[in-house]
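Residue numbers (mature numbering (1 follows the signal peptide of the UniProt record, and there is no 0)): -21 to -1, 1 to 192.
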């Protein structure tokens, strides 16, 4: 009888503590589930924005950063800024993880054209195949890449040319249906350089943001 009374008393005293601990575990589990759901929703929104599951085999790109800088520089000294007034690119997949790309550029200040160039080369989207096999991506251009390009440039009216090879690491993402961002970092080796050019090998970085279709 004493044992029964002792057990009943212990349960009566301990029950609130047990219930409180259980509520804490339940609340913590619910919070973790909410955090996981919130994170999952953010990932889905991001993937929808960059069109991860949309297949694209070719892309025409118009950079808008250069023209914007050109317009902002019109009020300054004519030689203070040479902007990419025109920078286009056409990229086409030849395999899910390989593409070729060609890109003409035109640099100018407010008085005249300073530089005309064209670049062409290959991009290797090194993680694209694995992402496709895992169902995380379609065959498209929202991926990280390694690139190798041959660049030719000339200065109109000055009979000056430059030829270089670029080796880069890049990140490209689609931004909705009509936009893109493309960032790369790498080395430029000038096979033939403009006169008065100091370095044959330069560290280079570029960012392009604009329209894509």
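Just so you know, even glycine gets a beta-carbon here, dropped at the ideal spot from N, CA and C.
Item, Value
"Counting only beta-carbon atoms, is residue 120 nearer than 8 Å to chain C?", "Protein chains in the displayed structure number just one, and chain C is not present."
"Closest by CA to residue 81, which one among 134, 37, 16?", "37"
"Taking C-alpha atoms, which residue in 171, 39, 181 lies nearest to residue 67?", "39"
"Residue 76: which of 128, 161, 110 sits nearest, CA to CA?", "110"
"Heavy atom of the ligand FMN less than 7 Å from the Cβ of residue 25, yes or no?", "Absence of the ligand FMN from the depicted structure is noted, as is the absence of any ligand whatsoever, leaving it without description."
"Helix, strand or coil for residue 162? Go by DSSP, reduced to three states.", "strand"
"Helix, strand or coil for residue 32? Go by DSSP, reduced to three states.", "coil"
"If you draw a straight line from the C-alpha of residue 101 to the C-alpha of residue 175, how long is it?", "30 Å"
"For the candidate residues 91, 108, 131, 156, whose alpha-carbon lies nearest to that of residue 144?", "131"
"Need the endpoints of the alpha helix (DSSP H) that residue 187 sits in, please.", "Here residue 187 belongs to no alpha helix (DSSP H); instead the beta strand (DSSP E) covers 180 to 191."
"Which runs of the beta strand (DSSP E), 3 residues or longer, sit entirely within the segment 122 to 165?", "122 to 134, 139 to 154"
"Check this for me: beta carbons of residue 188 and residue 44, under 8 Å apart or not?", "yes"
"Would you identify the three-state DSSP class for residue 175, choosing helix, strand or coil?", "coil"
"Any idea what DSSP makes of residue 3, helix, strand or coil?", "In this predicted model, residue 3 has a pLDDT of only 49, less than 50, meaning its place in the structure is not dependable enough to derive any value."
"Suppose contacts are defined by Cβ-Cβ distances below 8 Å. Is residue 141 in contact with residue 113 by that definition?", "no"
"Quick one: what does DSSP say residue 89 is sitting in, helix, strand or coil?", "coil"
"Tell me, which residues are paired with residue 113 by DSSP?", "Answer by DSSP bridge pairing: none, since residue 113 is not bridged."
"Report the three-state DSSP secondary structure of residue 43 (helix, strand or coil).", "coil"
"What residues are listed by DSSP as bridge partners for residue 65?", "85"
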